[in-house]
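Take a look at the structure set out below.
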Amino acid sequence: MTWDIRYHDEKVQLAVLALPSGLLARYLHLSDQMLQFGPDLGMPHTRAMGEGLFEIRLKSREGIGRVFYCTLEGVERC
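Here the sequence shown stands for residues 7 to 84, numbered as in my numbering.
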């Protein structure tokens, strides 16, 4: 299966890309893993929050961060 990451809008994408450098590096690494292996990497990397909401759990020397996401099935690429 092929996975794709889409942001709700540009404001959300810019907020994620504005994370401190260590957290952003971790986010980019986990995002790459999600593209290869799917959205559920498991703890401690991702966690289901319930009702279709998930979080990417980020940790670096700057502290911790969370990026929330959901998944869609059967959506064709544009």
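The beta carbon of each residue, even a glycine, is placed where N, CA and C say it ideally should be.
Just so it is clear, the structure is predicted and the values come from calculations on it, not from any experiment.
Inter-residue spacing [alpha-carbon to alpha-carbon] between residue i and residue j
i, j, result
"P50", "E16", "28 angstroms"
"Y13", "T77", "11 angstroms"
"Y75", "R63", "11 angstroms"
"E68", "S27", "8 angstroms"
"G71", "L29", "7 angstroms"
"A54", "L36", "15 angstroms"
Limits of the unbroken beta strand (DSSP E) element including residue i
i, result
"L59", "59 to 66"
Status (buried if at least 16 other CB within 10 Å, exposed otherwise) for residue i
i, result
"T52", "buried"
"R32", "buried"
"M40", "buried"
Extent of the continuous alpha helix (DSSP H) to which residue i belongs
i, result
"R32", "27 to 43"
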